[in-house]
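Novice:
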Amino acid sequence: MSTAVKRHKVDVGYCTWQLDDHRKALVEDVADACADPNNLSILASNAMALASYASVADPCAVDINSSLRIAGQALAAHFKVAVHSSLPVECELAGKNTRFEGVVDESKVEATKWLNAYWLSLIFADTVAIEQLCQVPMSMLRNSTTKHPEHRYLLIESLISFWHEYDETGSLLLQAMRATDPEQGDVKKSWVLHIDVPLIHAVTHAVSEDGRFSNTLKEGVKKHKKYWSATTSRKDDWEGFLSIGLSGAAKLAFESGLNVGIVSDYLINDKSS
């Protein structure tokens, strides 16, 4: 029997208005990204926003998953262009192969974009994109002027290790969890407690095929809800409508044969794509 966790109360009228605007802009966003690879991350953000607003205002819409696929492809292309020294670079985007010229700004080659690219590629079974993402040098992410707490880099290293079936995966996840210590100067306590720690726990149980995964995921979704419903400004922030990270962890668990055991408005349903 699955546990259900409903989304916090959201202004549906506002989401409907935003959804209409994002749907109208998507074609132009794709064209802008094809013209300049620095716009790929903008396309990804706007496509994720479209899917998030649709999950509230039009939850059966087919463009929820199609937009998330575009976001994943855009981010995968973003990193592929960033690591290639020779141009042009050819990538799939929005149903067609596109040749990209130009250099991606180093400030955009950063950890959160990598994680979103990884999770979306995993959710929609884009193994080619995952393989390419796992070739991105950690030094490139760490040297970006867009900085992140140490535990986020360690989580990335653990996901790369797991993909390559290295023995260090468990050790890296343990290091990542230890690095979430609130006494660390680079940690934002509320975010880490409600978002990052539950995600690292979920990934740890998923990759180790631990039967406690279902409970871990349930608690993670509840903490996600608690964080994003805590203030008026957060409640209507599209980034809280879906949890891409926990959805990715659920996909890892499913592929390992574990019982996910939860249905939630916060989790992406790849089966409807």
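First residue of the sequence shown? That's 389 in this note's numbering, and the numbers climb one at a time after it.
No residue lacks a Cβ here, since even glycine has one placed at the ideal position from N, Cα and C.
Do S644 and A618 have their C-beta atoms closer together than 9 Å?
Specialist: In this structure, A618 does not lie closer than 9 Å to S644 by Cβ.
Novice: Out of D625, L438, M526 and G460, state which residue places its alpha-carbon closest to the alpha-carbon of A513.
Specialist: Nearest option by C-alpha distance: G460.
Novice: 9 Å is my cut-off, CB to CB: does L655 come that close to chain B?
Specialist: Reference to chain B is not applicable here, since this structure consists of a single protein chain.
Novice: Going residue by residue through the region 504–558, where are the continuous alpha helix (DSSP H) segments of at least 4 residues, counting only ones entirely within it?
Specialist: Whole alpha helix (DSSP H) segments, 4+ residues: 515–521, 526–530 and 538–551.
Novice: Which one or two residues does DSSP pair with L481 in a beta bridge?
Specialist: BP columns for L481 point to K484.
Novice: Which class does S661 belong to by DSSP, given the choice of helix, strand or coil?
Specialist: Any reading at S661 is ruled out, since the residue's pLDDT is 35, under 50, leaving its predicted position unreliable.
Novice: Using C-beta distances below 6 Å, list every residue in its chain close to S661, excluding the 5 sequence neighbours before and after it, in chain order.
Specialist: Here S661 scores only 35 on pLDDT, less than 50, and its place in the model is too uncertain to base an answer on.
Novice: Assign T391 to one of three DSSP states: helix, strand, or coil.
Specialist: Strand at T391.
Novice: How many angstroms separate the CA atom of T669 from the CA atom of K501?
Specialist: Because the chain here runs from 389 to 661, residue 669 falls outside it and cannot be looked at.
Novice: Does DSSP classify I650 as helix, strand or coil?
Specialist: Reduced to three states, the DSSP call for I650 is strand.
Novice: Answer yes or no: do L529 and E498 have a C-beta to C-beta separation smaller than 9 Å?
Specialist: Contact: yes.
Novice: Is P447 helix, strand or coil by DSSP?
Specialist: P447 falls in the coil class under three-state DSSP.
Novice: Hey, quick one: how far does the alpha helix (DSSP H) through P586 stretch, first residue to last?
Specialist: Run containing P586: V585 to V595, per the alpha helix (DSSP H) assignment.
Novice: Relative to the alpha-carbon of S474, which residue among T557, H612 and V492 has its alpha-carbon at the smallest distance?
Specialist: For the residues T557, H612 and V492, the minimum Cα distance to S474 belongs to V492.
Novice: Assuming A442 and L407 make a contact with CB atoms under 8 Å, what is their CB distance in whole Å?
Specialist: A442 to L407, Cβ: 5 Å. Contact.
Novice: Would you kindly work out how many angstroms separate the C-alpha atoms of S635 and L428, rounded to a whole number?
Specialist: Answer to the nearest angstrom: the Cα atoms are 22 Å apart.
Novice: Give every residue of the same chain whose Cβ lies closer than 8 Å to the Cβ of V400, excluding the five residues on either side of it in the sequence, and list them in chain order.
Specialist: Correct list, in chain order: V444 and A445.
Novice: Using DSSP with H/G/I as helix, E/B as strand and the rest coil, what is D424?
Specialist: If DSSP states are grouped into helix, strand and coil, D424 belongs with coil.
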